[in-house]
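For reference, the structure discussed in these notes is given below.
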Ligand SMILES: [Zn+2]
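In the numbering used here, the protein residues as written are 15 to 89.
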């Protein structure tokens with residue numbers, strides 16, 4: 015795991031700030047189904063990983079909220 019901070023506000027969805035342990039997609043790339051089609055959602059393991067890293071970086075009381083032009087992190 016790289017040690018650079020993940021930027022949870024930089025992508026269309028905060029979970030994209032981590033790579034997917036399930037389908038292997040890198041940071042910033044949406045999950046795909048085994049067939050190669052874009053998945054409608056993000057893999058559960060990736061969402062859990064994003065949660066873990068987010069709490070690691072921002073603390074358990076932080077939250078990420080959608081704004082008009084992206085995402086913002088509040089504590
Ligand atoms: Zn995935």
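Every residue, glycine too, gets a C-beta built ideally from N, C-alpha and C.
Residue(s) in a DSSP beta bridge with residue i
i	result
residue 77	88
residue 46	52
Residue i Cβ short of 6 Å to ligand 3 heavy atom set
i	result
residue 27	For ligand 3, the structure offers nothing, since it holds only ligand 1.
Simplified DSSP assignment, three categories, for residue i
i	result
residue 67	helix
residue 52	strand
residue 29	helix
residue 72	helix
Close-in-space but distant-in-sequence residues of the same chain around residue i (CB under 8 Å, 5 per side omitted)
i	result
residue 52	44, 45, 46
Counted within 10 angstroms of its Cβ, other Cβ atoms place residue i as buried (16 or more) or exposed
i	result
residue 33	buried
residue 28	buried
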